[in-house]
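*Asks:* Below is one structure. I have some questions about it.
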Amino acid sequence: MDNHHEDGRLALWCAAAPDMQRAMVESDPRHYFVPPYVGYLGWVGVRLDRRLAWKKVAEMVEDAYLAVAPRRLIG
50 MDNHHEDGRL ALWCAAAPDM QRAMVESDPR HYFVPPYVGY LGWVGVRLDR
100 RLAWKKVAEM VEDAYLAVAP RRLIG
C-alpha cells in the first residue's frame, strides 16, 4: 500500500500465522502494524519506508504465501 487513505505509509499487508500479528506488532511497532480491513483476520502490516532488511521482508512474503496458499501449491 502506498499512502492508503492518506495514512503516510509505504507498506505490505501480509497474512500471518495465528498469534504472530500481536507478537510482531508488540515487539517492533516501528516496522509492524495492524492493517485496516484484514487486521482482524490476523494479517500484519509491514512498513517498507522504515529500512527493514529486505531479507526480513522476503521472509514475511514467503510466510504470508504459506499461510494462505492451497496445500497442493505448497507441496
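Quick note, the numbering used here runs 49 ahead of the 1-based positions in the sequence shown. For glycine and all other residues, C-beta sits at the position ideal for the given N, C-alpha and C.
Skipping 5 residues on each side, what residues in its chain have a beta carbon closer than 8 Å to that of I123?
*Replies:* Counting from one through the sequence shown, the residue named residue 123 turns up at place 74. Correct list, in chain order: L115.
*Asks:* Give the single residue among Y81, L90, V87, G91 whose Cα lies nearest to the Cα of D98.
*Replies:* Position 49 of the sequence shown, counting from 1, holds the residue named residue 98. Considering only alpha carbons, the answer is Y81.
*Asks:* Can you name, in chain order, every residue of its own chain whose Cβ lies under 7 Å from the Cβ of V87, other than the five neighbours on each side?
*Replies:* Reading the sequence shown from its first residue, position 38 is the one you call residue 87. Taken in chain order, the residues that qualify are W62.
*Asks:* List the endpoints of the continuous beta strand (DSSP E) containing A60.
*Replies:* Residue 60 sits at position 11 when you count from the first residue of the sequence shown. Per DSSP, A60 belongs to the beta strand (DSSP E) from 60 to 63.
*Asks:* Between which two residues does the beta strand (DSSP E) harbouring V110 extend?
*Replies:* On the sequence shown, position 61 is the one that residue 110 refers to. Taken as a continuous stretch (DSSP letters only), V110 belongs to no beta strand (DSSP E), being part of the alpha helix (DSSP H) at 103 to 117.
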